[in-house]
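**Student:** Take a look at this one; I'll ask things after.
Number of protein chains: 4
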Amino acid sequence: VRLRELGVSIGRLEPGPFNAITDVAGVRVGHTTLIHDEPRIARTGVTVISPCDGQVWRRNLFAGWHRFNGYGEMTGVHLIDEVGLLNAPIALTNTHQVGVVRDAIVQYAARKGVLEGFLMPVVAETWDGALNDAEAFHLRAEHVFEALDRAAPGPVPEGSVGGGTGMRAHEYKAGIGTSSRLVDCGGDGFTVGVLVQANYGRRADLRIDGAPVGRRLMETQAPAGSDGSIIVVIATDAPLLPIQCRRLAQRATVGLARTGGVGRTGSGDLFLAFSTGNEIESGAESLGGLPSTETPPVSAVRMLHNPHLSVLFEAVAEATEEAILNSLTTSGPMTGFKGATAEALPLDQVREILKDYR
Amino acid sequence: VRLRELGVSIGRLEPGPFNAITDVAGVRVGHTTLIHDEPRIARTGVTVISPCDGQVWRRNLFAGWHRFNGYGEMTGVHLIDEVGLLNAPIALTNTHQVGVVRDAIVQYAARKGVLEGFLMPVVAETWDGALNDAEAFHLRAEHVFEALDRAAPGPVPEGSVGGGTGMRAHEYKAGIGTSSRLVDCGGDGFTVGVLVQANYGRRADLRIDGAPVGRRLMETQAPAGSDGSIIVVIATDAPLLPIQCRRLAQRATVGLARTGGVGRTGSGDLFLAFSTGNEIESGAESLGGLPSTETPPVSAVRMLHNPHLSVLFEAVAEATEEAILNSLTTSGPMTGFKGATAEALPLDQVREILKDYR
Amino acid sequence: VRLRELGVSIGRLEPGPFNAITDVAGVRVGHTTLIHDEPRIARTGVTVISPCDGQVWRRNLFAGWHRFNGYGEMTGVHLIDEVGLLNAPIALTNTHQVGVVRDAIVQYAARKGVLEGFLMPVVAETWDGALNDAEAFHLRAEHVFEALDRAAPGPVPEGSVGGGTGMRAHEYKAGIGTSSRLVDCGGDGFTVGVLVQANYGRRADLRIDGAPVGRRLMETQAPAGSDGSIIVVIATDAPLLPIQCRRLAQRATVGLARTGGVGRTGSGDLFLAFSTGNEIESGAESLGGLPSTETPPVSAVRMLHNPHLSVLFEAVAEATEEAILNSLTTSGPMTGFKGATAEALPLDQVREILKDYR
Amino acid sequence: VRLRELGVSIGRLEPGPFNAITDVAGVRVGHTTLIHDEPRIARTGVTVISPCDGQVWRRNLFAGWHRFNGYGEMTGVHLIDEVGLLNAPIALTNTHQVGVVRDAIVQYAARKGVLEGFLMPVVAETWDGALNDAEAFHLRAEHVFEALDRAAPGPVPEGSVGGGTGMRAHEYKAGIGTSSRLVDCGGDGFTVGVLVQANYGRRADLRIDGAPVGRRLMETQAPAGSDGSIIVVIATDAPLLPIQCRRLAQRATVGLARTGGVGRTGSGDLFLAFSTGNEIESGAESLGGLPSTETPPVSAVRMLHNPHLSVLFEAVAEATEEAILNSLTTSGPMTGFKGATAEALPLDQVREILKDYR
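If you read the sequences in order, they're chains U, D, Y and E. Just so you know, the first sequence maps onto residues 525 to 882 in our numbering. Just so you know, the second sequence maps onto residues 525 to 882 in our numbering. Just so you know, the third sequence maps onto residues 525 to 882 in our numbering. Just so you know, the fourth sequence maps onto residues 525 to 882 in our numbering.
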């Protein structure tokens, strides 16, 4: 059950048709989920976000990122800082599997014949080692290929799937969550979509639309003592320059803070934003930096003027908040490694608590 | 009236004796407030934060800063990024007066005989041009000297004083606000103090301890249509390295987001944190970078281990949220430039609204 | 005498007609120089760089900056980091005068009727306190207005003028220097111009086109023991996004390193680059971030593809190196505060040394 | 043959006994080199730098990094930015193999029983795809384990070994190079060691101690047209805070620029510096950020005062320049993938050219 099915919506803006990152045209999401107990316990996986209908290899997108907290990994950020371009699908997984996923994306491009020299894929992680036997290093390149092959538009499976399989947030079972918002910028309509892999936070700190749900739940539930990280990926079709994408990424902090995140010290809270509003042909940005003789040296790109960003910032804040909450409400309980259990968020109690505050 | 006098407290940590940045030993605050209508309308001023009992010139402190939104000015950040040291009092004022305040701090040091070569003072701003005739450029060096001379420990005047004189937040009269928190780190007790100059935000977005106060106030009040910035200064006696101070500064974002800030595009949201837990003799960091022959090349500094930072992060988030709210609750209404008026936050209505949510 | 009159040229690219930053169309430079001994000794001034034929207030430009070393000040960088726009003339001066220059630029805009709310001017500094009685705080707003009024295209006065009046580099008299390069990007021709205020470096480290001139000069000359900073401003008409301007700014490091700079600890080495290849109407970026109803929300901007940047990087490196050397070769000796003297670079000896190496 | 055997030394400071990064006590280097033609052509490998006598897992070190150019990958930088700690050996390899190396370091720690939760290893790359059949993805975890097992103090194999096996610089065969410098800071002696994986630069731009060797070589040799990246790792026993390590890392730019680097657009020039002068027990920085109850919350760390950094900056510049040149002079010619050949730097010609300039 998603948050809105509980009768709760976040913010003032309307979501898109799927209330998912896939509401941004061309964005596809695919999961590979590994859940088994033999030979070693697996509660892990990988989630890929594949823009441009899977053609981002050739149709590069402007992107930017933000670090709210750095006790984590997100590869590929140097290229984004330097040239502002995303040229491969994005993937989310468990901490120990960042490397295999990263190289697998390169291998996939080689198999598909779209690899021109090298790639710097963006792969980010949170830690599923409480429920998953992480030192089994379950994930293999084939699992990544599967997720890439399966990546699809439309509704996005949420909760304990893909990279989110073994994750917890606010000491409850969580994982993948998504949400979107429609915005109007001076008459032009755009979509902002967010997908999170949520694995952070204290139970006591959980808030839903401002209501101190965690504080109230703590009256009857003991703390589970965990902590962790969150990755937020933001997509929009608004035509943004790289510097503007970075600003969007930073606003994920607002949604996170409102839901109860404080960026505790052992947490890796890393956010990426990309815009499908301009496509840069990869031929214009060839390997080794040699200028193409076929592409004109100068091209026109579209830029949304900065004052219109404010509503996009609101959209990011709202959709991040709702995506996190969706990752909680869509996750059932899970038992895993060494018998550890993550409870589901007790939706009945939550409904009761929210009644008091609305 | 401060927030706690409304019966509201923020978070789980206890404030210090003054619930102010001055709860951090050695931190002094001084204001110069300019309010007059002739020859041109002044609703402006300057606030100084002077650590080390006014001796920061010689007893330099580790510091770090964070930019949540950059449509603003905070001078002196290059030195803090590069060597991590604060060597002059900090000042907050109106946008047009950043320069005069910056140079005046240098002149003050020269007059006091503590100027060794040059200084890179930290001066930050928000825009008071809605209530103040900013193009009159009211502030002079003498006003800065006065604020520095007056800087004192103990209770801190809040609201429409000093740099906050002409400021508004969430479309209500605001200005200077402060708060503090006491933390326990493995048996060691520390204090975190925050002072804000608040001038940001939409009415509709205001939240108090999560309650959607602004949304409810909008049912009876029209939007005033303004927007703006916020400066947050954080002090602690916990012994932090520069890199740790930066992390503290970044957590002001959490308090800001919870109160309803989203970092709208025309806003300058800049945060500074310093630690009084280590003092570096200025002789060790002499002008032009020539090594002192009197100071040993290596000295010991104290460092709080990172896992203990989490509670300091909570303290920053809580105290920032409460300092912003104090800046609102302590400000009366004000009429200024061209007859513009900023209403005070309607405390009776706020009390009623909060009753529904607690 | 400029470097090329010594028979030395730097690099492989051709300079523009003035071999100056003003070779970039629309860029104007103006100096105010204060040299007097009564009542207190002045060897200081201010230099302004005014793009868009003086109309940058309304025709904003994309810009980026880089910090090679942060023991210095450059105001206005937050806005450039956040929105990538330059909206006021740039100024260079002495460390103690950054504030008065900054506010004076705002005041000038107010007087000219082009001030819409606030500005975040870029003002940078190096320290002239060895030759100038810096604690006299000589500069006043009027001096800045003069420099702005005088700003002109064409040949740029170099050496002991404007902000460079009291500066030294590699322990010789230096100050303002400039140079330019013409580049071809896939058939499109662009210009890169550089202006430096040079005040850094050890005598022993000076190199001219790689030749260890300083090392050889040290055989007959004692070290003068000073150290300091350098500011580099880069202009180009190539159409660059903000992220690309930042890359250009960073390449000033290459020219500095080749001339003998190492970024010693007490040095402030800050670089700014802007592109005149796109002009953003200030109406599209109005005060307080409210969207304009008259400007369409999306506009087209031109972008040079990244592979073509390499030749611009070379141009920046070459022109920075030559601009620094011009600041030395155009400066005569100067006696100033407390009788301190800065020798001129001994050009005859330099000629002899270079003969050995070419 | 190393550079000094050609009779050339760089700079004024003395190298340590091995003139290698291993002159910093406790630093070990290990290579695995893959050179074979069947079944697919391999000219690749991995180099590890293992501080603290291989015990960095438990004895974490302060570190900092710098990006001169971002068209490349260096994992693990988020943790270094956020907490300033290095907690795993560093590895250098080919671009396509970053992932396998990264995960293998984690697996190695697991096998050795030193893995407490997760690690964020620093793995950096340059592109060997001109000589190596990179799409064969040759490297496996076992190769990384071997390099870690072999890591040793003392002389460091240079040239076409380890991660440098298939690399070229200035269009000649290059690879791994190393150098060191001894510095005196107010009576305290420290060592700075540098190791590079060099794969960047145009032939025409190569300089040796300032002499335009590349320009002269071009008179008889055609350009080979390649371009690429460089990774620089800096070690020192000087007790530096993280913020100071970052400054050291940035100074690698100076050595690179002097040797002829300009940071061309398709290049990834990423620099890492760490200090062995403080060891932080990993217990103080435990997984998930929970405070240890066994470690006191505050500890003393040693800090070199900033003015003493200048000589360390010189040491970094000199040793980087010499390490790059060593990577060239120690590399023989190599033929590889698709018959591509990289010539060795023609040492006899270089000797002749240098004679003219000294």
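Here a beta-carbon is modelled for each residue, glycine too, at the ideal position from N, C-alpha and C.
Closer than 8 Å, CB to CB, is TYR724(E) near chain Y or not?
**Tutor:** no
**Student:** Can you pull the DSSP bridge partners for ASN584(E)?
**Tutor:** ILE804(E)
**Student:** Over the uninterrupted alpha helix (DSSP H) stretch that includes GLY779(Y), give me the two end residues.
**Tutor:** Membership of GLY779(Y) in the alpha helix (DSSP H) is indicated by the continuous run 776-783.
**Student:** Would you please state the rounded distance, in angstroms, between the beta carbons of SER791(E) and GLY752(E)? I believe it to be under 8 Å.
**Tutor:** 6 Å
**Student:** Out of GLY686(D), ILE545(D), GLU666(D), state which residue places its alpha-carbon closest to the alpha-carbon of VAL570(D).
**Tutor:** GLY686(D)
**Student:** Could you check whether the region 619-627 of chain U touches the region 665-676 of chain U, counting it as contact only if at least three pairs of C-beta atoms, one from each stretch, sit closer than 8 Å?
**Tutor:** yes
**Student:** What is the rounded straight-line gap between the Cα of ARG582(Y) and the Cα of GLY554(Y)?
**Tutor:** 20 Å
**Student:** To which residues of the same chain is LEU558(D) closer than 6 Å at the C-beta, ignoring the five residues directly before and after it?
**Tutor:** ALA566, THR568, GLY569, HIS662
**Student:** Taking GLY679(D) as the reference, give the member of THR546(D), LEU616(D), THR854(D) with the closest Cα.
**Tutor:** The sequence shown places Pro at residue 679(D), rather than the Gly named in the question. PRO679(D) has its Cα closest to that of THR546(D), out of THR546(D), LEU616(D), THR854(D).
**Student:** Is the CB of LEU663(E) under 8 Å away from at least one CB in chain D?
**Tutor:** Not a single CB atom of chain D sits nearer than 8 Å to the CB of LEU663(E).
**Student:** Taking just the CA atoms, how far does PRO831(D) sit from SER574(Y)?
**Tutor:** 50 Å
**Student:** At the 8 Å Cβ level, is GLY734(D) part of the contact set with chain U, yes or no?
**Tutor:** yes
**Student:** Since THR789(U) and LEU537(D) should fall inside the 8 Å C-beta cutoff, what is the C-beta to C-beta distance between them, to a whole number of angstroms?
**Tutor:** Not quite, the Cβ-Cβ distance comes to about 16 Å (not below 8 Å), so this is no contact.
**Student:** Using a Cβ cut-off of 8 Å (strictly closer), state whether ASN830(U) contacts chain D.
**Tutor:** Interface with chain D (8 Å Cβ-Cβ cutoff): ASN830(U) is included.
**Student:** Given this structure, state the Cα-to-Cα distance separating VAL525(U) from ARG692(D), to the nearest angstrom.
**Tutor:** Between the alpha carbons of VAL525(U) and ARG692(D) lies a distance of about 41 Å.
**Student:** Would you kindly report the start and end of the unbroken alpha helix (DSSP H) that includes GLY738(Y)?
**Tutor:** 737-741
**Student:** Going by beta-carbon coordinates alone, are ASP605(D) and GLY608(Y) separated by less than 8 Å?
**Tutor:** no
**Student:** What are the residues of the region 590-606 of chain U that lie near chain E, defined by any Cβ-Cβ distance shorter than 9 Å?
**Tutor:** For chain E, the residues of the region 590-606 of chain U that bring a beta carbon within less than 9 Å of one of its beta carbons are ARG591, ASN593, GLY594, TYR595, GLY596, GLU597, MET598, THR599, GLY600, VAL601, HIS602, LEU603, ILE604, ASP605, GLU606, in chain order.
**Student:** What residues are listed by DSSP as bridge partners for GLY711(D)?
**Tutor:** In DSSP, GLY711(D) forms no bridge with anything.
**Student:** Cα-Cα, which of ILE534(D), GLY717(D), GLY711(D) is closest to GLU818(E)?
**Tutor:** GLY711(D)
**Student:** DSSP beta-bridge partners for LYS697(U)?
**Tutor:** Bridge partners of LYS697(U): ARG692(U).
**Student:** What residues of chain U sit near HIS620(E), judged by a beta carbon separation below 7 Å?
**Tutor:** Chain U residues near HIS620(E): ASP627, VAL630, PHE642.
**Student:** Can you check which of these residues, MET858(U), ASN584(U), VAL638(U), SER851(U), is closest to LEU780(U) by C-alpha distance?
**Tutor:** SER851(U)
**Student:** With a threshold of 8 Å between beta-carbons, can GLY623(Y) be considered close to chain D, or not?
**Tutor:** At a cut-off of 8 Å between C-beta atoms, GLY623(Y) counts as an interface residue with respect to chain D.
**Student:** Pull the bridge partners of THR817(D) from the DSSP assignment, please.
**Tutor:** BP columns for THR817(D) are empty, so no partner.
**Student:** Tell me, please, whether the CB atom of LEU814(E) is closer than 8 Å to any CB atom in chain D?
**Tutor:** Residue contact check for LEU814(E) against chain D: a CB pair falls below 8 Å.
**Student:** Are there 16 or more other CB atoms within 10 angstroms of the CB of GLY699(D), so buried, or fewer, so exposed?
**Tutor:** buried
**Student:** Against chain Y, does SER684(U) count as a neighbour if the rule is that its beta carbon must be under 8 Å from one of theirs?
**Tutor:** no
**Student:** Does any C-beta atom of chain D lie closer than 8 Å to the C-beta of ASP712(E)?
**Tutor:** yes
**Student:** Please tell me whether TRP581(U) has its Cβ less than 8 Å away from any Cβ of chain E.
**Tutor:** no
**Student:** For ILE848(U), return the contacting residues in chain Y, with the cut-off set at a CB-CB distance below 9 Å.
**Tutor:** Those do not exist, as ILE848(U) stays about 26 Å from chain Y at its closest Cβ, beyond 9 Å.
**Student:** Closest to GLY860(E) by CA distance: which of VAL707(E), ASP657(E), PRO821(E) is it?
**Tutor:** Considering only alpha carbons, the answer is ASP657(E).
**Student:** Nearest chain E C-beta to SER799(Y) closer than 8 Å, yes or no?
**Tutor:** no
**Student:** Applying the criterion that 16 or more other CB atoms from any shown protein chain within 10 Å of the CB defines a buried residue, is GLU838(U) buried or exposed?
**Tutor:** buried
**Student:** Using the beta-carbon count (16 or more within 10 Å), is PRO763(Y) buried or exposed?
**Tutor:** buried
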